[in-house]
Amino acid sequence: MEIIASPWKRWGKNRTYLNGADETRLGFYDHQTGELTVEVDAVRAELEAWVAHNTTDSQAAQTPRAVVEVAPPAAVVAHGQRSPRHALEPAVTTTPGFPSLYRVPGALAISKAATLPAEQAEPWLMGAAGEQAVAATLDGLPVPWSALHSIPLGDPDSPTGDLDHLVVGPGGVYVINAKHHPGQAIFVKGDMVLVARHAQPYIAAARRDAMTVAVRLSAAVGTPVTVTPVIVFVGADEVVIKFPPRDTMLTTRGQLLDTLTRRRAALDAPTVTAIFDVAQRPGTWR
9 MEIIASPWKR WGKNRTYLNG ADETRLGFYD HQTGELTVEV DAVRAELEAW VAHNTTDSQA
69 AQTPRAVVEV APPAAVVAHG QRSPRHALEP AVTTTPGFPS LYRVPGALAI SKAATLPAEQ
129 AEPWLMGAAG EQAVAATLDG LPVPWSALHS IPLGDPDSPT GDLDHLVVGP GGVYVINAKH
189 HPGQAIFVKG DMVLVARHAQ PYIAAARRDA MTVAVRLSAA VGTPVTVTPV IVFVGADEVV
249 IKFPPRDTML TTRGQLLDTL TRRRAALDAP TVTAIFDVAQ RPGTWR
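Per our numbering, the sequence shown starts with residue 9, numbered consecutively.
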């Protein structure tokens, strides 16, 4: 079996994520704790063998010190608990035979930053930090809301190289774009967004992403899927919205959950499940 290893060192963590050739998330190894987290039990032996042969950690090189089980979402979850498909857990498809789609929040930005000199990498790392902050907030979504992060869309160098976040729930389907501007003042007037008095093309980009997602999800589900673009401002000192754009939601990280969960129900439970199911398939986004 082919195992693709992706080292990840950021924010004090040192992990290697282990994926299948089809991008299925299999598990990850934490070099600091010596723990192997197995997310697909059928390949446990292969993952343990990979750790034994490919890690240089003193004890872990012989055998992992611990194996952490990641259980699938529980069949019964009390109302108000967090969704089992939240920010930092693997997505679990409800259709057998299809791989689930999982990416670390901010994956594209982190990958891009790793190829650049420090001064050029800083904006990408800032963006990744914003995406991870929003992902942590989305971790608080109640059942049956679900979220995926850093969904790849074709050419990683294109303006829509990936989707920061995709959220599906009773209130609808949302493409969320995190905009991390610590200490800045943001002013919005319709389609115009100014950050520290500099115009940014955020609204047009958000609409483009939403259209792309609507087309791909509609094709995968077989019925029209309406997708709403959302821009989340992270870390700004001030956000002034004179009047919002006509079809794009604007909010802050602190208001994000209320903004989503207070929306009037638009999708029934089977539809939510069907949409999130196809959203997890890598083939939907290729």
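By construction, the Cβ of each residue, glycine as well, lies at the ideal position given by its N, Cα and C atoms.
Just so you know, these numbers come straight off a predicted model, no measurement behind them.
* Residues in its own chain within less than 6 Å of L133 by CB, not counting five upstream and five downstream? -> A121
* Which residues does DSSP pair with F284 in a beta bridge? -> Per DSSP, none; premise fails for F284.
* **Contiguous alpha helix (DSSP H) assignments of at least 4 residues, all confined to the region 202-271** => 210-229, 264-269
* Asked: When we look at the beta-carbon of R254 and count the other beta-carbons within 10 Å, is it buried (16 or more) or exposed?
  -> exposed
* N185 and V240: beta carbons closer than 9 Å? -> yes
* **Per-residue burial, A50 [other beta carbons within 10 Å of its own, 16 or more giving buried]** => exposed
* Member of L264, G191, V183 whose CA lies at the smallest distance from the CA of A287 -> V183
* Rounded to the nearest angstrom, how far is the Cβ of Q40 from that of N22, given a contact under 8 Å? -> 5 Å
* To do: Report yes or no: do three or more beta-carbon pairs, one from the region 201-217 and one from the region 141-152, lie closer than 8 Å?
  => no
* To do: Please state if the CB of M257 and the CB of V238 are separated by a distance shorter than 9 Å.
  => yes
* Asked: Out of curiosity, what's the CA-to-CA distance linking Q192 and L44?
  -> 40 Å
* Between the C-alpha atoms of E10 and D38, what's the straight-line distance to the nearest angstrom? -> 20 Å
* With distances taken Cα to Cα, identify the nearest neighbour of H206 among V175, H189, T292, L116. => H189
* Please list, in chain order, all residues of the same chain as A117 whose beta carbon is under 6 Å from its beta carbon, the five residues on each side excluded. => W132, G135, A136
* C-alpha distance - V248 paired with T260, whole-angstrom precision -> 11 Å
* To do: Taking 9 Å as the cut-off, decide whether the C-beta atoms of V176 and S154 are in contact.
  => yes
* Asked: Which class does V48 belong to by DSSP, given the choice of helix, strand or coil?
  -> coil
* Asked: Between L264 and the rest of its own chain, which residues show a CB-CB distance below 6 Å, the 5 nearest in sequence each way excluded?
  -> T145, V240
* Enumerate in chain order the residues of its own chain whose CB-to-CB distance from P12 is below 6 Å, with the five nearest sequence positions on each side excluded. => It is worth fixing the name first, because residue 12 is Ile in this sequence and not Pro. N27.
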